[in-house]
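Q: There's a structure below that I have some questions on.
Here it is as structure tokens:
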């Protein structure tokens, strides 16, 4: 499993590459609502969970897929980008896991992501 306690795990930019990579993991009827990619790693938001993909090894053939169900989120917060700090952040606390933090670069609409999570959590 990915060590989410080790600082910021991902610096993400919107990219649909990982949507295809998690296709075999989806439940019948589960839909992808957003996908983001860092240098090698990525995350996919579905209508049921967040799937974090950690690419391992030199060749990148080995991958760790961590499923983070919305039902286990206890608290979450977003930090929008500012004038000088262009990155935005999503921080969530999962029951039994603890803190998970994602950083988004570019023009990512983190408020829209927060609204998506709130719709499943609240």
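In our numbering, the protein residues as written are 439 to 560. Cβ atoms here follow ideal geometry from the backbone N, Cα and C, with glycine treated the same way.
Could you check the C-alpha separation between residue 480 and residue 534 for me, to the nearest Å?
A: To locate residue 480, count along the chain shown from 1; it is residue 42. To locate residue 534, count along the chain shown from 1; it is residue 96. Distance between the alpha carbons of residue 480 and residue 534: 22 Å.
Q: Taking residue 471 and residue 503 to be in contact with their CB atoms under 8 Å, please state how far apart those CB atoms are, rounded to whole angstroms.
A: Within the chain shown, numbered from 1, the residue matching residue 471 stands at position 33. Within the chain shown, numbered from 1, the residue matching residue 503 stands at position 65. About 17 Å separates the two Cβ atoms, so there is no contact after all.
Q: Looking at the C-beta of residue 482, does it have a partner C-beta in chain D at a distance below 8 Å?
A: Considering every chain present, this structure includes no chain D. It has just one protein chain.
Q: Taking DSSP as the reference, what is the three-state secondary structure of residue 460?
A: Indexing the chain shown from 1 puts residue 460 at position 22. The answer is coil: DSSP assigns residue 460 none of H, G, I, E or B.
Q: Nearest to residue 556 by CA position, among 510, 478, 546, 541, is which residue?
A: As a first step, residue 556 is located in the chain shown; it is residue number 118 there, counting from the start. Checked all of 510, 478, 546, 541; the closest Cα to residue 556 is 510.
Q: Restricting to Cα atoms, I'd like to know which of 532, 449, 531, 552 is closest to residue 492.
A: Locating residue 492 in the chain shown gives position 54, where the first residue counts as 1. Out of 532, 449, 531, 552, 449 has the C-alpha closest to the C-alpha of residue 492.
Q: When you compare only the Cα positions, how much space is there between residue 551 and residue 537?
A: Stepping through the chain shown from its first residue, residue 551 is reached at position 113. Stepping through the chain shown from its first residue, residue 537 is reached at position 99. Going by the C-alpha atoms only, they are around 17 Å apart.
Q: Please work out which residues of its chain come closer than 6 Å, Cβ to Cβ, to residue 512, disregarding the five sequence neighbours upstream and downstream, and give them in chain order.
A: The residue given as residue 512 occupies position 74 in the chain shown. Only 531, 533 meet the Cβ criterion.
Q: First and last residue of the alpha helix (DSSP H) that includes residue 558?
A: Here residue 558 corresponds to residue number 120 of the chain shown, with the count starting at 1. Unbroken alpha helix (DSSP H) run through residue 558: 548–559.
Q: Can you have a look at residue 506 and say buried or exposed, based on whether 16 or more other CB atoms are within 10 angstroms of its CB?
A: Along the chain shown, one-based indexing puts residue 506 at 68. Within 10 angstroms of the beta-carbon of residue 506 lie 16 or more other beta-carbons, which makes it buried.
Q: With burial defined as no fewer than 16 other Cβ atoms inside 10 Å of the residue's Cβ, what is the status of residue 458: buried or exposed?
A: Residue numbering aside, residue 458 sits at position 20 when the chain shown is read from its first letter. Residue environment: residue 458 is assigned as exposed (fewer than 16 neighbouring CB atoms within 10 Å of its CB, all protein chains considered).
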